[in-house]
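**Q**
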Amino acid sequence: MPRNTKKPPRDVSHLSGKPLAETLEPSPVLKSSTEEWATSCDLTEHGLPFTLEVIQDMALFLLANPNMTSSHLYRADILYDSAGTLRTPQQQEQSFAQTGNSISETTATAEEQVEPTVARDVPGFTLTRTVVRRLVPRNPNLDRTMDQTCHFYEASASVSRDSTEHAGTEDLRQQRSLVIYNPHVASKEDMPFYHPLLRSLAFLYDFNPNNTTTTTTTTTNNNPPDQTSTPGPGTIQNPNKDNVIPQHLVQNTYTRLKLKYASDLCQRWVESTEPSKHVFEDLSITAFLIELWRSMYGVVPEDEKPKPNTDTDTQDHTHTPTRPQFPGFIDIACGNGVLVYILLMEGYSGWGFDARRRKTWSIFPPSVQSHLKEEIYIPQPFAETIDLPSSPADRAKELGVASHYGLFPKDTFIISNHADELTVWTPLLATLLCPESQSPFIAIPCCSHALSGKRFRYPPPSQGKGGKGIKQQGYTEEERGIGGGDGGGENNQPQPKEGDLKSLRKEKQEAQTDAGFYKSMYGSLTAKTMSVARELGYGVERTLLRIPSTRNMAVIGGRVRTTRAWKDGAEGADVEVGEREEDGEVLRERVLDLVRRECAREGGVDAAAKTDRYKEDR
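Its first residue numbered 1, the sequence shown is counted upward by one per residue in full-length UniProt numbering.
#1: In chain order, what residues of the same chain lie with their CB nearer than 8 Å to the CB of Gln251, ignoring the 5 residues before and after it?
#2: Assign Trp37 to one of three DSSP states: helix, strand, or coil.
#3: Count Cβ pairs between the segment 323 to 341 and the segment 451 to 459 that sit closer than 8 Å; are there 3 or more?
#4: Just checking, does the segment 389 to 398 make contact with the segment 418 to 425 on the three C-beta pairs under 8 Å criterion?
#5: Start and end of the beta strand (DSSP E) containing His404?
#6: Between the segment 359 to 371 and the segment 265 to 284, do three or more beta carbon pairs fall short of 8 Å?
#7: Buried or exposed for Phe207, please, with buried defined as at least 16 other CB atoms from any protein chain shown within 10 angstroms of its CB.
#8: Just tell me which of Gln438, Lys610, Glu436 and Val424 has its CA closest to the CA of Leu451.
#9: Looking at the strands, I want to know which residues DSSP matches up with Asn221.
#10: Taking the alpha helix (DSSP H) that Glu398 belongs to, which residues open and close that run?
#11: Around the Cβ of Thr69, are there at least 16 other Cβ atoms within 10 angstroms (buried) or fewer (exposed)?
#12: Quick check on Gly537: buried or exposed, where buried means 16 or more other Cβ atoms within 10 Å of its Cβ?
#13: Alpha carbon to alpha carbon, how far is Pro440 from Pro409? Give it in angstroms, no decimals.
#14: Using C-beta distances below 7 Å, list every residue in its chain close to Asn336, excluding the 5 sequence neighbours before and after it, in chain order.
#15: Which of the three DSSP states, helix, strand or coil, is assigned to Thr149?
#16: Give me the Cβ distance between Pro445 and Tyr522, rounded to the nearest whole Å; I'm assuming they're in contact under 8 Å.
#17: Less than 8 Å between the CB atoms is what I'm expecting for Tyr254 and Ser284, so what's the real figure, rounded?
#18: In angstroms with no decimal places, state the Cα-to-Cα distance between Gly84 and Leu249.
#19: Could you give the distance in angstroms between the alpha-carbon of Ser82 and the alpha-carbon of Pro116?
#20: Given a threshold of 16 other Cβ atoms within 10 Å of its Cβ, counted over all protein chains shown, does Val132 qualify as buried or as exposed?
#21: Contact defined as beta carbons within less than 8 Å: I believe residue 703 pairs with Pro192. What is the distance between those atoms, to the nearest angstrom?
#22: So what does DSSP say about His14, is it helix, strand or coil?
#23: Should Ser229 go down as buried or exposed, given a rule of 16 or more other Cβ atoms within 10 Å for buried?
#24: Compute the Euclidean distance between the alpha carbons of Asn243 and Lys567, then round it to the nearest angstrom.
#25: Look at the alpha carbon of Pro275 and the alpha carbon of Leu265, and state the distance between them as a whole number of angstroms.
#26: Kindly identify the DSSP beta-bridge partner or partners of Lys373.
#27: Would you mind sorting Gln325 into buried or exposed? The rule is 16 or more other CB atoms within 10 Å of its CB.
#28: Going by Cα to Cα distance, which pick from Arg564, Ser13, His14 and Ala607 is closest to Tyr297?
#29: Between Val122 and Tyr80, which are expected to be in contact by the criterion C-beta below 8 Å, what is the C-beta distance as a whole number of angstroms?
#30: Among the residues of its own chain, which have a CB less than 8 Å from the CB of Glu374, if the five just before and after it don't count?
#31: Rounding to the nearest angstrom, what Cα-Cα distance links Trp37 and Val29 in this structure?
#32: Who does Pro246 pair with in a DSSP beta bridge?
#33: Helix, strand or coil for Ile332? Go by DSSP, reduced to three states.
#34: Where does His195 sit, in a helix, a strand or coil, going by DSSP?
#35: Would you report the Cα separation of Lys528 and Leu289, rounded to the nearest angstrom?
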């Protein structure tokens, strides 16, 4: 069978085969007596099947996301947009503050005023938009930030017809889109590594609605671009990232944590697994949690806390309203303990537990090791049906490991990071902790399990009318596994034919959409966790985390309610849409009903509790 290869991004038969420097020629579009703009036939691409609108949308998307084309860049912060649609970091923080967060109150600072470069007068073109962005590198110790002004131009011109098909109709017009990028540097020595040594760079896209072939050209001022293309369908979909915390806040914190902890953790790694993946993944999650808690509780990491003032004469004794403090965290199934270690070192109180001690725990300071427990969690509904000794010591002797029933302090923030068997239990555990005041949580799903601990593939949730969108209330009774059968096994979903690359490619493309995502085992597990949380009255949010893992979806419960409670400084904060306050006993009974329903497929709660799966190492 011939090996499948990707189609080259360009038709190489159109290339000259010469070094680029030998093919440069003056640009016919950007002519100036004071500037030397050059282009090349090798910088021109013909026959592109995209309308002008698609190219313009893509240009704007890449403007804010340069990391899509350069591995050296993190992102671009928009400092100014004459159209007002691309938001600056400060505008992002203000919008989050208006929806219940306190980010702008604690971290927002006024953007320094950066003036755009003067726009060139391009004959035949009209300036339509100006954007100033700041390119932010991944490694600030190696590369520096750079500001850049982007000027957008448009033009149109009559084009000759190539057939008699349109006779008697109005003249068709060629549409042209030009973007010129100007770095804010005074000399080539100031140019960062990730940007080419060019004073300016331009892209021109020509769209001829009466032609079946089109062209793209690149031109530079010490090399600009020209581009042209043909009509054709095109769709751009953006992932649902950064809908809980603004991107730049998490990335800035991640950069700080990486510089502070990554090298030391990787050098001292004692597990057999690859250190870089686990270390950087946990650093990314920690950065997200730090900014999440900043917005929810107003707490800041240790480095940002004000130093105690020993001069009593200058202390400010002004009364400030009493607000709820950070209640502490618990990392269930904490694994290698890196997340707990970094959070403790950053000044957040909490601890973690797992079914077995990991080698990595030994490299942490004693003060951190004392917050990592080798224990198993026995859910209260299971504990009430099985005959276990009431004494913790006697239970540990019988089970071979210490155990607990999830009785943590009220309002403890629950972290469920790739907790496998405990993923769907997360909102249940958070509710049982104190039904009168449900704890907030974050669950990052991984492998799919039923409440009993057995591996289980949840069926996809129902869609709305016409198959558009996922039902917000979750599953039907049939999908919940009630009424016989096992509700779907690990491999009961239809699979593409062996070796059918076309089917595999189609399945991968569908997975990028919401409907396709929820058809996957991982997507169905995520949907099930959200469904359980909603059934218990949580306001639920789903967001993609910027972590080096394909298991990068996070389900967050109770964020808005907790945030408002902190901001109001009162117990009875307003309830977010989708959340409801109920009597604790009523809510506890709802938890038990849900557990009984979910365990029905396995013979009931008693049978599920006796599978002993909760004793096994995850």
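Don't be surprised by glycine CBs; every beta carbon is placed ideally from N, CA and C.
**A** Reading from the atomic positions:
#1: As a position in the sequence shown, residue 251 is number 251, starting the count at 1. Closer than 8 Å at Cβ, skipping near neighbours: Tyr74, Arg75, Val136, Ala287 and Arg546.
#2: Counting from 1 along the sequence shown, the entry for residue 37 is found at position 37. Reduced to three states, the DSSP call for Trp37 is strand.
#3: no
#4: no
#5: If you number the sequence shown from 1, residue 404 lands on position 404. That run of the beta strand (DSSP E) goes Ala402 to His404.
#6: Short answer: they touch.
#7: For the purposes of this step, residue 207 is taken as residue 207 along the sequence shown, with counting starting at 1. Result: buried.
#8: In the sequence shown, the residue the question calls residue 451 occupies position 451. Answer by Cα proximity: Val424.
#9: Counting from 1 along the sequence shown, the entry for residue 221 is found at position 221. Partner(s): Trp37 and Ser200.
#10: For the purposes of this step, residue 398 is identified with residue 398 of the sequence shown, where counting begins at 1. Segment Pro392 to Leu399, the alpha helix (DSSP H) holding Glu398.
#11: Walking along the sequence shown from the start, residue 69 turns up at place 69. Burial call: exposed.
#12: Within the sequence shown, numbered from 1, the residue matching residue 537 stands at position 537. By the neighbour-count rule (16 or more Cβ atoms within 10 Å), Gly537 is buried.
#13: Here the question's residue 409 lines up with position 409 in the sequence shown. Here the question's residue 440 lines up with position 440 in the sequence shown. Going by the C-alpha atoms only, they are around 13 Å apart.
#14: Here residue 336 is taken as the residue at index 336 of the sequence shown, counted from 1. Correct list, in chain order: Glu271, His278, Arg358 and Thr360.
#15: The count along the sequence shown starts at 1 and reaches residue 149 at position 149. Correct three-state label for Thr149: strand.
#16: Locating residue 445 in the sequence shown gives position 445, where the first residue counts as 1. Locating residue 522 in the sequence shown gives position 522, where the first residue counts as 1. Between Tyr522 and Pro445 the Cβ distance is about 7 Å, and since that is below 8 Å, they are a contact.
#17: Counting from one through the sequence shown, the residue named residue 254 turns up at place 254. Counting from one through the sequence shown, the residue named residue 284 turns up at place 284. Yes, Tyr254 and Ser284 are in contact; Cβ-Cβ is about 6 Å, under 8 Å.
#18: Translated into the one-based positions of the sequence shown, residue 84 becomes position 84. Translated into the one-based positions of the sequence shown, residue 249 becomes position 249. In a straight line, the C-alpha of Gly84 is about 21 Å away from that of Leu249.
#19: To locate residue 82, count along the sequence shown from 1; it is residue 82. To locate residue 116, count along the sequence shown from 1; it is residue 116. Ser82 and Pro116 have their alpha carbons spaced roughly 10 Å apart.
#20: Locating residue 132 in the sequence shown gives position 132, where the first residue counts as 1. Burial check for Val132: the Cβ neighbour count within 10 Å reaches 16 or more, so the residue is buried.
#21: Any answer about residue 703 is impossible in this case: the structure gives the chain only from 1 up to 618.
#22: Taking the first residue of the sequence shown as 1, we reach residue 14 at position 14. Three-state DSSP puts His14 in a helix.
#23: Translated into positions along the sequence shown, residue 229 becomes position 229. Below a pLDDT of 50, predicted positions are generally treated as unreliable, and Ser229, at 38, falls in that range; no measurement from the model is reported.
#24: Against the sequence shown, residue 243 aligns to sequence position 243. Against the sequence shown, residue 567 aligns to sequence position 567. Those two C-alpha atoms are separated by around 20 Å.
#25: Here residue 275 refers to the residue found at position 275 of the sequence shown. Here residue 265 refers to the residue found at position 265 of the sequence shown. The alpha-carbon atoms of Pro275 and Leu265 are separated by roughly 8 Å.
#26: Reading the sequence shown from its first residue, position 373 is the one you call residue 373. Among the bridge pairs identified by DSSP, Lys373 is matched with Phe353.
#27: Your numbering for residue 325 matches position 325 in the sequence shown. Exposed, since its Cβ has fewer than 16 Cβ neighbours within 10 Å.
#28: Along the sequence shown, read from residue 1 onward, the residue named residue 297 stands at position 297. Relative to the Cα of Tyr297, the nearest Cα in the group Arg564, Ser13, His14 and Ala607 belongs to Arg564.
#29: Translated into the one-based positions of the sequence shown, residue 122 becomes position 122. Translated into the one-based positions of the sequence shown, residue 80 becomes position 80. The Cβ separation is near 20 Å, so there is no contact.
#30: Within the sequence shown, residue 374 is the residue found at index 374, counting from 1. So the qualifying residues of the chain are Phe353, Asp354, Ala355, Arg356, Arg357, Val401 and Ala402.
#31: Locating residue 37 in the sequence shown gives position 37, where the first residue counts as 1. Locating residue 29 in the sequence shown gives position 29, where the first residue counts as 1. Trp37 and Val29 have their C-alpha atoms some 9 Å from each other.
#32: Locating residue 246 in the sequence shown gives position 246, where the first residue counts as 1. BP columns for Pro246 are empty, so no partner.
#33: Here residue 332 refers to the residue found at position 332 when the sequence shown is read from its first residue. Here Ile332 sits in strand by DSSP.
#34: For the purposes of this step, residue 195 is identified with residue 195 of the sequence shown, where counting begins at 1. His195 falls in the coil class under three-state DSSP.
#35: For this step, residue 528 is matched to residue 528 along the sequence shown. For this step, residue 289 is matched to residue 289 along the sequence shown. Spanning the two alpha carbons is a distance of roughly 23 Å.
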